[in-house]
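Asks: So the sequence shown is numbered by the numbering used here: it starts at 1008 and just counts up by one.
All C-beta atoms in this analysis are idealised placements derived from N, C-alpha and C, irrespective of residue type, glycine included.
This one's a predicted model, so the numbers in the text were calculated from it and none came from an experiment.
A single structure is presented below for examination.
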Amino acid sequence: MAATLKDYIPIVGEGVVSELELLGARLAGKRVINVNSTRVGGGVAEILGRLIPLLNEVGLDARWEVIQGTEDFFALTKHLHNALHGKSHTFTAQDHAVFDDTTARNLKSLDLDGDIMFIHDPQPAGLVRRRAEAGGSWIWRCHIDLSAPAPGAWEFIEPLVRQFDLSVFSSPQFARTLSIPQVLVSPSIDPLSDKNRDLSQSEINDILSRLGVHSDKPIVTQVSRFDRLKDPVGVLEAWRLARRRVDCQLILAGGGATDDPEGAEVLREVRERSDNDPDVHVLDLPPTSNIEINAIQRASTVIIQKSLKEGFGLTVSEALWKGKPVIAGAAGGIPLQITHKYSGILTHTIEGTAFWIKQLLSEPEFANRLGTNGQNHVRANYLLTRHMRDYMLAFLFLANINEDVIKL
Ligand code: UDP
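Below you can see the structure in the form of structure tokens.
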């Protein structure tokens, strides 16, 4: 059964839950329509699936719509995503036509009758064209690292973004110079979801043996969509270098997202590069594999998130929450989650990653300390309850935009 707010009290304390109820009462009945571009796969879908029931529990009327798009549209928005992360791409008039066409179709089919339109990421941003007619407050929630976009990428969406009432970014360094107000809200993980809740050792063992992974050697893992920016091939290379010194196996676990057309190609490449090594487990998991991912993370000795570019990187918080030592690329929101050598390890290269894999496998006490510090950091900052509070405060801000002081 899905968790209710009171189930969070043992984890975050009664005060946090009472505060959520108080904010919910101030927003009772507000119709909040979240729109993104995929129901499954990736961090945004992960969060919405858990947040919406809790917003409804405290009295809001929240729902979740997903835009539909053609292959052309998702190929374009993937280019846009990569270009916003800094990879160069030339956008043509045809690209704009594809984007506008999909936006127009979705404007016809989606029910956008709400008080707060909460639009996630660039794909559905064009829906803001309906703003004058639909009314309500419009929020653009950006989960992407916008600190160094390629030329033309920000210009593609900025004319849309400036039509919103408010923008939300995950980290201070992603914020842009904008004519609309910006607020900073980090993403979060749900400690009670199947992805993160406690599992018994026998559940973990059963799942790992079903997936064909033996427990006879330490496990090094990366969980990520098969996406070049997550650098699965770099993980494989780093693991190979480390294995020369310490015997261990590697799990690369991932799956696709319906708005990510590159996944199959990257998966094929990773499989080829793994050379049928029996110590490499490349797992293409269906989107329902939450307990499996939980078990894989809990069975791992070291977790990698070798992102070259990253929005926030929920998988880092997921691993830290399980008390695991994490070695991660110092990209996007990852340094918010990891303080180097205190609550994890930040790396920039394959060689650096390999060095730290070897080091953490050889120094379990240090590795445990990193994991424990990381877990405390996640408890204080990156759980769903904090995220829900921040969103409700943003809604209240919009509802009282002309006030200097908002009384709760
Ligand atoms: N995830 C999943 N199955 C996969 C790969 C990833 O459920 O095969 C989950 C992962 O556990 C995390 C989210 O998808 O909760 C990925 O979020 P993150 O912020 O790390 O990266 P994104 O995919 O949004 O770039």
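Can you tell me the Cα-Cα spacing of Ile1018 and Leu1206, whole angstroms?
Replies: 16 Å
Asks: Would you list the one or two residues that DSSP bridges to Asp1068?
Replies: Arg1038
Asks: Which of the three DSSP states is assigned to Asn1388 in this structure?
Replies: helix
Asks: Could you tell me which of Gly1241, Gly1262, Leu1327, Asp1118 sits nearest to Ala1281, measuring between CA atoms?
Replies: One detail in the question is off: residue 1281 reads as Ser in this sequence, not Ala. Residue Gly1241 is the option with its Cα nearest to Ser1281.
Asks: Among Leu1185, Val1051, Arg1204, which residue has its Cα nearest to the Cα of Tyr1015?
Replies: Arg1204
Asks: So which of Trp1161, Ala1139, Asp1266, Val1190 has the shortest CA-CA distance to Val1073?
Replies: Asp1266
Asks: By how many angstroms is the C-alpha of Thr1184 removed from the C-alpha of Cys1255?
Replies: 47 Å
Asks: With a Cβ-Cβ cutoff of 8 Å, do Phe1081 and Pro1268 count as a contact?
Replies: yes
Asks: According to DSSP, Arg1148 sits in a beta bridge with which residue or residues?
Replies: Its beta-bridge partners are His1127, Val1175.
Asks: Using a Cβ-based criterion (distance less than 7 Å to any ligand heavy atom), does Ile1385 qualify as near the ligand UDP?
Replies: Sequence check: residue 1385 is Val here, not Ile. No - the ligand UDP has no heavy atom lying nearer than 7 Å to the Cβ of Val1385.
Asks: With hydrogens ignored, establish whether the beta-carbon of Leu1321 is closer than 7 Å to any heavy atom of the ligand UDP.
Replies: yes
Asks: May I have the straight-line CA-CA distance separating Leu1134 from Leu1353, to the nearest angstrom?
Replies: Approximately 38 Å between the Cα atoms of the pair.
Asks: Verify the contact flag: Ala1260, CB atom, against every heavy atom of the ligand UDP, threshold strictly below 7 Å.
Replies: yes
Asks: Can the beta-carbon of Ala1249 be found less than 8 Å from the beta-carbon of Leu1290?
Replies: Not in contact: Ala1249 and Leu1290 (Cβ atoms no closer than 8 Å).
Asks: Mapping DSSP to helix, strand and coil, what is Leu1185?
Replies: coil
Asks: Check whether the stretch 1093-1103 and the stretch 1151-1170 are in contact - that is, three or more C-beta pairs closer than 8 Å.
Replies: yes
Asks: Does Ile1364 come out as helix, strand or coil in the three-state DSSP assignment?
Replies: helix
Asks: By alpha-carbon positions, which one of Asn1041, Arg1112, Arg1251 ends up nearest to Ile1126?
Replies: Asn1041
Asks: Can you tell me whether Ile1408 is buried or exposed? The criterion is at least 16 other CB atoms within 10 Å of its CB, across all chains shown.
Replies: exposed
Asks: Going by beta carbon distance, what residues of the same chain come within less than 7 Å of Trp1363, once the five residues before and after it are set aside?
Replies: Ile1334, Ile1352, Thr1354
Asks: Go ahead and pull the three-state DSSP assignment for Ile1311.
Replies: strand
Asks: Between the Cα of Pro1179 and the Cα atoms of Cys1149, Asp1172, Ser1216, Pro1166, which residue gives the shortest distance?
Replies: Cys1149
Asks: CB of Lys1313 to nearest heavy atom of the ligand UDP: below 7 Å?
Replies: no
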